[in-house]
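Asker:
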Amino acid sequence: SSRTARSEEDRDSLWDAWGSWSECSRTCGGGASYSLRRCLSSKTCEGRNIRYRTCSNVDCPPEAGDFRAQQCSAHNDVKYQGQLYEWLPVSNDPDNPCSLKCQARGTALVVELAPKVLDGTRCYTESLDMCISGLCQIVGCDHQLGSAVKEDNCGVCNGDGSTCRLVRGQYKSQLSASKLDDTVVAIPYGSRQIRLVLKGPDHLYLETKTLQGVKSENSLSTTGSFLVENSTIDFQKFPDKEILRISGPLTADFTIKIHYAGAADSSVQFIFYQPIIHRWRETDFFPCSASCGGGYQLTSAECFDLRSNRVVADQYCHYYPENIKPKPKLQECNLDPCPASDGYKQIMPYDLYHPLPRWESTPWTACSSSCGGGIQSRSVSCVEEDIQGHISPVEEWKCMYTPKMPVVQPCNIFDCPKWLAQEWSPCTVTCGQGLRYRVVLCIDHRGMHTGGCSTKTKPHIKEECVVPTPCYKPKEKLPVEAKLPWYKQAQELEEGTAVSEEPSFIPEAWSTCSVTCGVGSQMRLVKCQVLLSFSQSVADLPIDECEGPKPVSQRACYSGPCSGEAAEYTPEETQLLYGSLQEFDELYDWEYEGFTECSESCGGGVQEAVVTCLNKQTREIADETLCVSSRRPPQLLKSCSLDPCPPR
């Protein structure tokens, strides 16, 4: 082969000049090329007689397939131990990554079909390092042999990580009878290093949308690697966990969703790097300000959408604090003197070399209403930027080449919280006049229990009721019993606590009474919870994370007298059942004041509870007519003088 001229350093050595570079070992995907030199001495020359460089560093089309897989499949028509096999590549061999090891499809048979793979084969699937002459050579992201340059988290070679942002968060499922699935997170086009871990009985699936608007769905039903919109997805499915990994960059918008499959809650942790899709781009120099005799020209900066490859309004780039608008550059131009025949230099029109005036706006004001529809405003003015980058206001007509931004917009258009009254309770008596109660809740536009409703418009929670059944009081029987005080129960339901961004105790609903008659108990679960503002999901915390008194988790309940039994109460039971009646709004109310003397001195008698009308503030006995608006409590009896009488 023809020789190139010897370099200065080669003349002082015993080597001939390097020969020309060989043809590349691959046409795409990164290959290797070599160059040789000859030792001119009869003795041994120091150094190597071959050198390598990378070549064909362009991506292969998707249909080209894996280079190592192509080398394995080349042996499909060669019998191994008297039998033909379909060979699949075995990648990422830690001991010898540059040997051609292949596995027979459908079997556990792994064979080294060649001691060396072809030059340019990747040592490992997730690395640019390549095999050359059977040895793994380091390759940097700049595609240079021996280079240690690496991509940053944004996929930029030798970058500083400023072109993307880290997004991490957690989603917790909220089971609902009306919902079968929910959105976990939307991951935009171009995102990288995506990892999601689901813990629980539910199941992940994917929805994608390309830049052309084509939508598709992938159910992720089995463990394995899948190609979705030219992005390789590694999915692992376990009995109580699912793991999803995508190296990226995504070539479509991905929406990760969850399908509810069990009664228990699930949580999903996710992390990925999201590209900053709007970036400043420096323009070329504008035309010179003069055609001769010396002038100047400037550059400007425009906001560029990396997805659509088009220039957009500057406000999109201002959204990212990482984006710093480059300063204009200035240079001299057209320095040749003007021809004598002209005698002057032509000044270029203003708009050709100076950045055009533009609209700029102040931030929106706070909304005029927190709900029900309000307005917010801002000021919009026309500004101009000079050569030094200083901004000053100018007349509005200079910006009229683009539409003026709106100065008013609607806000908080969702409905205000409103009162929602539940059904009335049964009447507290089964005969005559009594009371009935209902729960009244303040509900927001999402149907959640909240605050903010006007107390002036709150519906009343109690009213009188009449049961058209006459009341009878047989001497030996107790009158019909009043039922559980609904007023206190209604109050407790109203005072339920909504989850907030501060850790707080959240009690669940009371269980049903443990007995169907008489005095029993009710239980409820009290959790320490917090609202995660990023994912709008609720997380459980240890109990000691919440401050203040913890609501009670157990209380007594009364389900009415058991059939065939007279109601006899201890003073504690009396206070339990009717103590809550003191919470009524009336100033005067009935109260028990001890019991009468026993009707018998021995052999068993009864005592009757004494009911009086009391002023609740002064605790003085009042006329019974003042308590007419309150329900008189039922007659209570208890046994007494149970010792047998002495014989007569």
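As numbered in the numbering used here, residues 1405 to 2052 make up the sequence shown, in order.
Note that CB positions come from ideal geometry on N, CA and C, so glycine has one too.
Quantities reported herein were computed from a predicted structural model and do not represent experimental measurements.
Do three or more CB pairs link the stretch 1671-1688 to the stretch 1596-1611 at distances below 8 Å?
Answerer: yes
Asker: Taking C-alpha atoms, which residue in Cys1846, Gln1826 and Arg1850 lies nearest to Arg1840?
Answerer: Checked all of Cys1846, Gln1826 and Arg1850; the closest Cα to Arg1840 is Gln1826.
Asker: As a quick exercise: from Ser1635, Gly1666 and Leu1654, pick the residue whose alpha carbon is nearest that of Asp1644.
Answerer: Gly1666
Asker: Using 8 Å as the threshold, is the stretch 1844-1856 in touch with the stretch 1807-1826, meaning 3 or more CB pairs across them?
Answerer: yes
Asker: What separation, rounded to the nearest whole angstrom, lies between the Cα atoms of Cys1815 and Trp1763?
Answerer: Rounded to whole angstroms, Cys1815 to Trp1763 spans 22 Å at the Cα level.
Asker: Are there 16 or more other CB atoms within 10 angstroms of the CB of Gly1776, so buried, or fewer, so exposed?
Answerer: exposed
Asker: How close, in whole Å, do the beta carbons of Gly1451 and Trp1425 come, if the pair is a contact with beta carbons under 8 Å?
Answerer: The Cβ separation is near 18 Å, so there is no contact.
Asker: Glu1530 by DSSP, collapsed to three states: which one?
Answerer: coil
Asker: In or out: Leu1648 buried (at least 16 other Cβ within 10 Å) or exposed?
Answerer: Per the 10 Å Cβ criterion, buried.
Asker: List in chain order: all unbroken beta strand (DSSP E) runs of 3+ residues lying wholly within the stretch 1604-1638.
Answerer: 1607-1613, 1619-1622 and 1628-1632
Asker: Let me make sure I understand the geometry here. Which of Ile1847, Gly1573 and Glu1799 has the alpha-carbon closest to that of Gly1856?
Answerer: Ile1847
Asker: By how many angstroms is the C-alpha of Thr1873 removed from the C-alpha of Glu1898?
Answerer: Residue confidence for Glu1898 is low, a pLDDT of 40 falling below 50, so the modelled location carries little weight; the figure read from the coordinates is stated next. Straight-line Cα distance between these residues: approximately 32 Å.
Asker: Assuming Ser1577 and Ile1662 form a contact by the criterion Cβ under 8 Å, report the distance between their Cβ atoms to the nearest whole angstrom.
Answerer: 6 Å
Asker: Applying the criterion that 16 or more other CB atoms from any shown protein chain within 10 Å of the CB defines a buried residue, is Pro1501 buried or exposed?
Answerer: buried
Asker: Thinking Val1811 and Ser1781 are a contact (beta carbons under 8 Å), I'd like their distance in whole angstroms, please.
Answerer: 6 Å
Asker: What are the boundary residues of the beta strand (DSSP E) that includes Tyr1575?
Answerer: Cys1568 to Lys1576
Asker: To the nearest angstrom, how far is the alpha carbon of Tyr1723 from that of Gly1793?
Answerer: 20 Å
Asker: If distances are taken between C-alpha atoms only, which option among Arg2023, Gly1952 and Asp2047 comes closest to Cys2006?
Answerer: Asp2047
Asker: Near Cys1428, which residues of its chain fall below 8 Å by C-beta distance, leaving aside the five closest residues on each side in sequence?
Answerer: Gly1435, Ala1436, Ser1437, Cys1459, Ser1460 and Gly1524
Asker: How far does the alpha helix (DSSP H) with Gln1485 in it extend, from its first residue to its last?
Answerer: Here Gln1485 belongs to no alpha helix (DSSP H), and DSSP marks it neither H nor E.
Asker: Of all the options Ala1508, Ser1918 and Ser1957, which has the alpha carbon lying nearest to the alpha carbon of Lys1931?
Answerer: Ser1957
Asker: How close, in whole Å, do the beta carbons of Glu2004 and Ser2045 come, if the pair is a contact with beta carbons under 8 Å?
Answerer: 5 Å
Asker: Look up Ile1947 in the DSSP assignment and say whether it is helix, strand or coil.
Answerer: In the three-state scheme derived from DSSP, where H, G and I count as helix and E and B as strand, Ile1947 is classed as helix.
Asker: Could you compute how far the alpha carbon of Ser1439 sits from the alpha carbon of Ser1625?
Answerer: 51 Å
Asker: Decide yes or no for the touch test of the stretch 1547-1558 against the stretch 1628-1642: beta carbon pairs closer than 8 Å, at least 3 of them.
Answerer: no
Asker: Excluding the five sequence neighbours on either side, which residues of its own chain have a C-beta within less than 6 Å of the C-beta of Ser1765, listed in chain order?
Answerer: Correct list, in chain order: Arg1782, Val1784 and Met1809.
Asker: For Gly1778, which beta-bridge partners are listed by DSSP?
Answerer: Cys1815
Asker: Roughly how far, in whole angstroms, is the beta-carbon of Ser1495 from the beta-carbon of Arg1509, given that I think they are within contact range, below 8 Å?
Answerer: The Cβ separation is near 15 Å, so there is no contact.
Asker: Nearest by alpha-carbon distance to Pro1863: which of Arg1842, Cys1875, Ile1795 and Trp1491 is it?
Answerer: Arg1842
Asker: Tell me which same chain residues have a C-beta within less than 8 Å of the C-beta of Leu1539, skipping the five on either side of it?
Answerer: Cys1502
Asker: Here's the rule I'm using: 16 or more other beta-carbon atoms within 10 Å means buried, otherwise exposed. How should Asp1755 be labelled?
Answerer: Residue placement at Asp1755 is flagged as unreliable, the pLDDT there being 45, under the threshold of 50; the coordinate-derived value follows with that caveat. It is exposed - the Cβ of Asp1755 has fewer than 16 other Cβ atoms within 10 Å.
Asker: Reducing DSSP to helix, strand and coil, say where Trp1801 ends up.
Answerer: helix
Asker: Whole angstroms are fine: how far does the CA of Thr1859 sit from the CA of Gly1952?
Answerer: Each residue's CA atom was taken as its position, placing Gly1952 and Thr1859 some 26 Å apart.
Asker: Between which two residues does the alpha helix (DSSP H) holding Ser1671 run?
Answerer: Ser1671 -> not in any alpha helix (DSSP H); beta strand (DSSP E) instead, spanning Ser1671 to Pro1679.
Asker: Is the distance from the Cβ of Ala1656 to the Cβ of Thr1612 below 8 Å?
Answerer: yes
Asker: I'd like the list of long-range same chain contacts for Cys2031, defined as Cβ closer than 7 Å, with 5 residues on each side in sequence excluded.
Answerer: Tyr1992, Asp1993, Trp1994 and Cys2017
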